[in-house]
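Numbering (the working numbering), first residue to last: 149 to 323.
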Amino acid sequence: MNLSSLLADPLRVVERNASVLEIENRPVRRASITLGAILLAVAIALAAMADGAVGTGLLVLAVTAFIGWMILDETVQLTQLRLDRPADQARLRVTGLKGRKEQNLRVSNLHRAETRIRYGKKANQEIIELYLVGSEGDGISETLIPLGRADTEDVIRMAALVTDWLEGSQRGGQP
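Encoded structure:
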């Protein structure tokens, strides 16, 4: 196990049958590592304050609170995708520290899920993204599913799973 696989967020299938497919991404590992680092910094700040360096301790607490909030806001993001064939509804729900965003699509308009890799400016900075692709009006619509820093193999596996499930509706509902 390398560092990137340790920090990757696991995607999991909550429900899978002919009529419903539900996938979620809970970033538990990243959040627990971040919270551990924040608690360590708070302990160091309190030790400095107990040793008499009150100003240094307060400064460390303030910086830890600010940076910790920014990092937690980035890492703590629950993503749920529920495809419901009888209701003809695909519900994408993203819950973070700042609230919840929900988006509803029609399952009958969706054709497939596809992955795209976006490369960063530094080495090893690629990010894989998952899109739901379908038709809307005269053109093609694409909906980005935010997955944080999920494992590349998991995202590819989930895209294949969603595409197979969507194609099952065109074959008569067989998964």
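Quick reminder that beta carbons are idealized off the backbone N, C-alpha and C, glycines included.
Span separating the alpha-carbon of residue i from that of residue j
i, j, result
"Thr311", "Arg260", "5 Å"
"Met306", "Ile275", "15 Å"
"Leu184", "Asp236", "Reading the sequence as shown, one finds Gly at residue 184 and not Leu. In a straight line, the C-alpha of Gly184 is about 42 Å away from that of Asp236."
"Trp217", "Ala210", "11 Å"
"Ala196", "Ile215", "19 Å"
"Thr243", "Thr291", "17 Å"
"Ile265", "Arg178", "21 Å"
"Val107", "Pro158", "In the structure displayed, the chain extends from 149 to 323; residue 107 sits before or after that span and is not available."
"Ile186", "Ser180", "10 Å"
"Pro234", "Val176", "32 Å"
When the options are compared against residue i, the one with the closest alpha-carbon
i, options, result
"Leu278", "Glu172, Ala193, Phe214", "Glu172"
"Gln225", "Leu240, Pro234, Arg164", "Leu240"
"Asn257", "Gly203, Ala238, Lys269, Glu222", "Ala238"
"Glu284", "Ile186, Val255, Arg160", "Val255"
Reduced DSSP secondary structure (H/G/I, E/B, other) of residue i
i, result
"Val281", "strand"
"Asn173", "strand"
"Ser256", "helix"
"Arg233", "coil"
"Gly247", "strand"
Beta-carbon proximity check, residue i vs residue j, cutoff 9 Å
i, j, result
"Gln228", "Glu315", "no"
"Gly205", "Ala193", "yes"
"Thr182", "Leu220", "yes"
"Asp232", "Val168", "yes"
"Ile293", "Leu280", "yes"
Quick check: the region 298–307 against the region 246–253, are there 3 or more CB pairs under 8 Å? no
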